[in-house]
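Here the structure is laid out as structure tokens; the discussion comes afterwards.
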């Protein structure tokens, strides 16, 4: 049962344009969401998070949007830079109870010069 | 550099063997989490320790066990290894749990031949 889904295995975007990565979840008990970025041969690096009491969180070039009714979140990167090329994982958790992160399958983002 | 260290970086062993993976959390972090990433899979939660005590278990096989020591480092023991146990094993740490982000180590790549 895949509770967190990233339906796009890959995404290619031109440098300077906006990258939009999408994530859907099925478990309505999730109340905290995170995005991680992963380069080859490295561990995931935390990017940005959002609580379910918010619908938007912004940090520099990165903005996460949460639509609770649709159980959907997205990560916007603008402007996209070559160094943003990586695999992006969406993750969800419950603030109470087991503190495990439930990850999506990841989306490989390629920024083209 | 997340501040989480994992050793060894690579491990090659044979079926039926036993291995120990080691993790040192970030300074001050009390929680340690273990995740497994198999080929083309997202990260799967294995187990969570907080200040030496087991807090939550995920899809961890009975052949696998873990512990967190008084100095807060953790070890993941994998025994009776099978080919399917070949994967990347990540350790993450956080200050507590709740809304604290988890910071990941570089991972240990286990290859079972």
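Protein chains in written order, with this note's numbering: chain A, 263 to 375; chain B, 34 to 146.
For every residue, glycine included, the Cβ atom is placed at its ideal position computed from N, Cα and C.
These numbers come from a predicted model, not from an experiment.
Going by alpha carbons, who is nearest to residue i out of the options?
{"i": "residue 70 of chain B", "options": "B:143, B:43, B:62 and B:122", "result": "B:122"}
{"i": "residue 365 of chain A", "options": "A:334, A:295, A:283 and A:316", "result": "A:295"}
{"i": "residue 293 of chain A", "options": "A:375, A:354 and A:370", "result": "A:354"}
{"i": "residue 313 of chain A", "options": "A:322, A:299 and A:333", "result": "A:333"}
{"i": "residue 381 of chain A", "options": "A:328, A:331, A:308 and A:301", "result": "Because chain A is modelled from 263 through 375, residue 381 of chain A falls outside the range shown and cannot be assessed."}
{"i": "residue 372 of chain A", "options": "A:327, A:272, A:297 and A:264", "result": "A:272"}
{"i": "residue 374 of chain A", "options": "A:267, A:345 and A:286", "result": "A:345"}
{"i": "residue 330 of chain A", "options": "A:309, A:357, A:289 and A:352", "result": "A:289"}
Just to check my reading of the structure: residue i and residue j have Cβ atoms closer than 8 Å, yes? What is that Cβ distance to the nearest angstrom?
{"i": "residue 305 of chain A", "j": "residue 137 of chain B", "result": "4 Å"}
{"i": "residue 144 of chain B", "j": "residue 54 of chain B", "result": "That belief does not hold up - the Cβ atoms of residue 144 of chain B and residue 54 of chain B are roughly 13 Å apart, past 8 Å."}
{"i": "residue 126 of chain B", "j": "residue 37 of chain B", "result": "5 Å"}
Classify residue i: buried if its beta carbon has 16 or more other beta carbons within 10 angstroms, exposed otherwise.
{"i": "residue 45 of chain B", "result": "exposed"}
{"i": "residue 62 of chain B", "result": "buried"}
{"i": "residue 315 of chain A", "result": "exposed"}
{"i": "residue 74 of chain B", "result": "exposed"}
{"i": "residue 72 of chain B", "result": "exposed"}
{"i": "residue 335 of chain A", "result": "buried"}
{"i": "residue 368 of chain A", "result": "buried"}
{"i": "residue 60 of chain B", "result": "exposed"}
Step through the CB atoms of chain A and report whether any lies within less than 9 Å of the CB of residue i.
{"i": "residue 86 of chain B", "result": "no"}
{"i": "residue 134 of chain B", "result": "yes"}
{"i": "residue 81 of chain B", "result": "yes"}
{"i": "residue 91 of chain B", "result": "yes"}
{"i": "residue 78 of chain B", "result": "yes"}
{"i": "residue 97 of chain B", "result": "no"}
{"i": "residue 139 of chain B", "result": "yes"}
{"i": "residue 60 of chain B", "result": "no"}
{"i": "residue 145 of chain B", "result": "no"}
{"i": "residue 36 of chain B", "result": "no"}
Cβ-heavy atom distance between residue i and the ligand GDP below 8 Å?
{"i": "residue 49 of chain B", "result": "Among the components modelled here there is no ligand, and therefore nothing to report on the ligand GDP."}
Strictly under 9 Å for the Cβ-Cβ distance: is residue i near chain B by that measure?
{"i": "residue 272 of chain A", "result": "no"}
{"i": "residue 359 of chain A", "result": "yes"}
{"i": "residue 348 of chain A", "result": "no"}
{"i": "residue 325 of chain A", "result": "no"}
{"i": "residue 368 of chain A", "result": "yes"}
Specify whether the stretch 339-356 of chain A and the stretch 275-289 of chain A touch according to this definition: at least 3 beta carbon pairs, one from each stretch, less than 8 Å apart. yes
Counting beta carbon pairs with one atom in the stretch 81-100 of chain B and one in the stretch 355-370 of chain A, are three or more of them shorter than 8 Å? yes
Spell out a yes or no on whether the stretch 74-84 of chain B and the stretch 97-108 of chain B are touching, meaning 3 or more CB-CB pairs, one atom from each, closer than 8 Å. yes
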